[in-house]
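Take a look at the structure set out below.
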Amino acid sequence: MSKVKLAVVFYSMGGTNYQLAKWAEDGAKEAGAEVRVLKVQELAPESVIEGNEAWKATVDATKEVPVVTSDDIEWADAIIFSVPTRFGVMASQMKQFIDTQGGLWASGKTVNKVVSGMTSAQNPHGGQEATLLSLYTSMMHWGAIIATPGYSDPVLFGAGGNPYGTSVTVDQEGKMVEDVEDAVKYQAKRTVTVAEWVKKGNQ
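By the working numbering, the letter at position 23 of the sequence shown is numbered 25, and the numbering carries on one by one without gaps.
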């Protein structure tokens, strides 16, 4: 069987979700997957970004990362989305990308993609679970197979115990409060494993 192809699709303003995406890449590669790390298109005006030091630094740090396209989604057997919460739902940049995949959806090319989500917020009850549920609602419409971590490994409890997907709290200095690296890698490996099952079943 050929390697599982995984797209890690992120939106990041302060760098947190970019870091989560890189950890997911590491975990998925350890599980034997072929991985593409991809960002969604930024929608904010350049003048606004220029006025925010952390945001500008993230844009600079990710300038070599390719912008995700429909071709990447079609290519992937599995997708991990990493997106910050905005008022309890996914950031508009990620939503805009998902909303533009109608052509793929209409032709049945989103069906049976294995998907999982990760998120961040500025406080522990800042909408992490609701954000992942908003993502998964869209994925149900895609006909995707949602692979959450649940409580399938003790590593999840050390990272805050979110069964919907790894989530992390970010303090006022932009630093992650919980240690989630191992949880992210575990979630990526689990996503690849489920994708292997699906791929094998479809052969």
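Glycine included, each C-beta is placed from N, C-alpha and C at the ideal position.
If you're wondering where the values come from, they're calculated on a predicted model, not measured in any experiment.
> Between the C-alpha atoms of R192 and K58, what's the straight-line distance to the nearest angstrom?
Replying inline: A direct Cα-to-Cα measurement between R192 and K58 gives close to 33 Å.
> In whole angstroms, what is the alpha-carbon distance linking N114 and W107?
Replying inline: Those two C-alpha atoms are separated by around 11 Å.
> Which value, in whole angstroms, describes the spacing of the CA atoms of Y153 and K202?
Replying inline: When the Cα atoms are used, Y153 and K202 turn out to be separated by approximately 25 Å.
> Which residues mark the beginning and the end of the alpha helix (DSSP H) in which S154 is found?
Replying inline: From DSSP, S154 is part of no alpha helix (DSSP H); its letter is neither H nor E.
>> Nearest by alpha-carbon distance to I147: which of A123, G104, T195, S109 is it?
In response: Of the candidates A123, G104, T195, S109, the one whose C-alpha sits nearest the C-alpha of I147 is T195.
> Does the beta-carbon of S4 have 16 or more other beta-carbons within 10 angstroms, so that it is buried, or is it exposed?
Replying inline: Looking at its Cβ environment, which holds fewer than 16 other Cβ atoms inside 10 Å, S4 is exposed.
>> So if DSSP puts F12 in a beta bridge, which residue, or which two residues, is it bridged to?
In response: In DSSP, F12 forms a bridge with K41, S84.
>> Given this structure, state the Cα-to-Cα distance separating G163 from D73, to the nearest angstrom.
In response: If I take the Cα positions, the gap works out to 34 Å.
>> As a quick exercise: from K24, T112, G128, M142, pick the residue whose alpha carbon is nearest that of Q189.
In response: Ranked by how close their Cα comes to the Cα of Q189, the residues K24, T112, G128, M142 have K24 in first place.
> Straight-line CA distance for E44 to V69?
Replying inline: Rounded to whole angstroms, E44 to V69 spans 9 Å at the Cα level.
> Within this structure, are the beta carbons of F89 and G34 separated by less than 8 Å?
Replying inline: The Cβ atoms of F89 and G34 do not sit closer than 8 Å to each other.
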